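Since the structure comes first, as structure tokens, the remarks are kept for the end.
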Amino acid sequence: MDAATLTYDTLRFSDTPDFPETAEPVWILGKNYSALTEKEEILNDVTSRLWFTYRRNFPPIGGTGPTSDTGWGCMLRCGQMIFAQAVMCRHVGRDWRWNKQKPQGEYLSILTAFLDKKDSYYSIHQIAQMGVGEGKYIGQWYGPNTVAQVLRKLAAFDRWSMIAVHIAMDNTVVTEEIRRLCRTESCETGPLCNGHAGASDSDIQWKPLVLLIPLRLGLSEINEAYIETLKHCFMLPQSLGVIGGRPNSAYYFIGYVGDELIYLDPHTTQLSVEPSDSGDIIDESFHCQHPPCRMHVSEIDPSIAVVSDTLAKNSHRNSCISPDQSFSAS
């Protein structure tokens with residue numbers, strides 16, 4: 062059966078390989094688990110990540126465009142997954158866990174922001190149409206850098222999350238640029254917001270930062286010198302994961318065990334989900350309820366994007382590392 066046309070139920074009940082019985086630590090987005098004694102906790106953590114896959118029968122993109130992203134939308138879906146993790150950390154925290162009760166509260170608002178409709182902040186519709194400005198026609202495959210640029214633009218419209226997005230080009234994080242991006246003045250103090258005086262520290266609000274770092278870790282395959290550093294990225298508390306994969310096949314990498322990377326795979330076509338008239342959403346298909354996929358780290362395409370979040374001022378200084386031990390900072 063073609064992986065692109067698998068249904069949710071087919072994938073859910075397939076013989077998915079379980080985690081190996083190993084004493085090696087399992088790292089999932091900054092959390093350390095034992096594969097021998099904490100297998101249930103590992104699966105609960107993985108299941109709680111929002112899982113976006115190919116969908117079909119959604120409203121036409123742009124009014125007359127595609128009604129499915131099967132075959133071309135995998136990197137867009139990976140971009141949704143990694144940014145959804147940022148929004149989740151922003152509103153409900155890294156330790157939030159999913160259950161099968163009716164979605165409500167902030168979680169429902171987060172999920173709504175990614176539904177397949179034109180007025181959702183981070184929908185496939187918004188990403189595909191914003192990509193036109195990056196030189197990508199609707200239905201064209203994206204690379205990690207393109208989806209990073211599009212997410213940066215879309216985040217500016219999300220006034221609820223108020224997330225600053227910085228893309229570190231050339232392996233360089235410029236701290237002064239980040240400070241300018243994340244500082245926002247409060248307008249509750251009257252004249253300080255009208256140009257009569259500079260805002261004091263108490264009048265400055267610090268917006269959470271999502272730091273996207275596009276990298277190329279080799280020519281046609283990953284350079285072995287970078288492997289340990291790449292794995293270390295998943296150990297950082299600020300880690301949101303990595304988007305990349307194989308040529309023309311994108312995955313959302315969320316951790317590793319031994320020399321295997323752990324990832325969520327978007328290459329499954331499911332029906333688009335519409336909220337009910339009361340706003341309820343059946344959300345079971347947005348959570349991967351089987352052991353996640355794994356691949357040997359040497360198999361990953363060298364073109365990736367490493368993503369981290371920093372919810373507190375100055376925490377970006379320890380938020381990521383580079384192939385040369387640290388991303389350059391100036």
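First residue of the sequence shown: 62, per this note's numbering; consecutive thereafter.
Using N, Cα and C, we set each Cβ at its ideal position, and we do this for glycine too.
Keep in mind that this is a model prediction, so the values were computed, not measured.
- Classified as buried, L111 has 16 or more neighbouring CB atoms from the shown chains inside 10 Å of its CB.
- The residues Y115, R116, L137 and I185, in chain order, have a CB closer than 7 Å to that of D130 in the same chain once the five nearest residues on each side in sequence are set aside.
- Counting only the Cα atoms, T207 lies some 10 Å from G194.
- The segment 341-351 makes contact with the segment 155-168: 3 or more CB pairs, one atom from each, lie closer than 8 Å.
- V303 and I171 have their C-alpha atoms roughly 20 Å apart.
- Taking 8 Å as the cut-off, the beta carbon of L301 is found closer than this to the beta carbon of D370.
- For V107, the enclosing alpha helix (DSSP H) begins and ends at K100 to S109.
- Of Y168, G306, V367 and A145, the smallest CA-CA separation from S281 is found for G306.
- Partner residues in the beta bridge of G305, as assigned by DSSP, are Y312.
- Counting of Cβ neighbours within 10 angstroms places F218 among the exposed residues, the total staying below 16.
- At a Cβ-Cβ threshold of 8 Å, L273 and A225 do not count as neighbours.
- Under the three-pair Cβ rule at 8 Å, the segment 280-297 does not count as touching the segment 232-247.
- Per DSSP, reduced to three states, the secondary structure at V193 is helical.
- Going by DSSP, P86 is part of no alpha helix (DSSP H) but of the beta strand (DSSP E) stretching over P86 to I89.
- DSSP, reduced to helix, strand and coil, places E360 within a helical segment of the structure shown.
- The alpha-carbon of E289 is positioned some 43 Å away from that of P336.
- The C-beta separation of L90 from F144 comes to about 14 Å, leaving the pair out of contact by the 8 Å criterion.
- In the DSSP assignment, P352 falls outside any beta strand (DSSP E), carrying neither H nor E.
- Under the three-pair Cβ rule at 8 Å, the segment 177-192 does not count as touching the segment 102-110.
- Assigned with DSSP and collapsed to three states, A147 falls in helix.
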